[in-house]
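In our numbering, the protein residues as written are 56 to 166.
Everything below concerns the one structure shown next.
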Amino acid sequence: MKIALEMDKHPALKVYWPVTLTPEVLKRVEEFALVCDPIHFVDRILPRPLLILVAKHDELIPAEASQMLIDAAHAKEPENVKRMDTGHVLTPAAIFDVRDFFLAHLGKRTR
């Protein structure tokens, strides 16, 4: 919701979300966020395994939003947070980081 209210600070995000922020639109955004935004649920993950990937040059997710998610999760760096030197589209190296996380916490696939 905070990102929607501060849309003018994030011109790249406005390109992907070209709407006029009327009170009705903001009400719908809030309704959607309450059931879909991970910020409302991420605090329930730890102490189970958690990995948050943050793109340092993300054109869509503002740095403040990433930090809000990290804070809400009570995530610790570098145990739970990996900052990648990329934009929103991650490099292939991120796939290996995710694979390594899954292998470490879930093990190899058995079939």
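Beta carbons: idealized from backbone N, C-alpha and C, even for Gly.
Test item: CB-CB of residue i and residue j under 7 Å
| i | j | result |
| --- | --- | --- |
| residue 107 | residue 130 | yes |
| residue 136 | residue 125 | yes |
| residue 97 | residue 128 | yes |
| residue 160 | residue 102 | no |
Proximity winner among the options, relative to residue i (alpha-carbon distances)
| i | options | result |
| --- | --- | --- |
| residue 112 | 91, 87, 142 | 142 |
| residue 69 | 92, 85, 115, 80 | 115 |
| residue 66 | 117, 83, 100, 140 | 117 |
| residue 152 | 133, 78, 165, 100 | 133 |
Whole-angstrom distance between residue j and residue i, CA atom to CA atom
| i | j | result |
| --- | --- | --- |
| residue 157 | residue 138 | 17 Å |
| residue 145 | residue 122 | 18 Å |
| residue 74 | residue 110 | 25 Å |
| residue 85 | residue 59 | 9 Å |
| residue 87 | residue 76 | 15 Å |
| residue 90 | residue 148 | 31 Å |
| residue 166 | residue 155 | 18 Å |
| residue 80 | residue 63 | 15 Å |
Residues sharing a beta bridge with residue i, DSSP
| i | result |
| --- | --- |
| residue 137 | 108 |
Write down every uninterrupted run of the alpha helix (DSSP H) in the segment 62 to 134 whose length is 4 residues or greater and which is fully enclosed by it, in chain order. Every alpha helix (DSSP H) of 4 residues or more that sits fully in the segment 62 to 134 is shown, in chain order, as 66 to 71, 78 to 91, 118 to 128.
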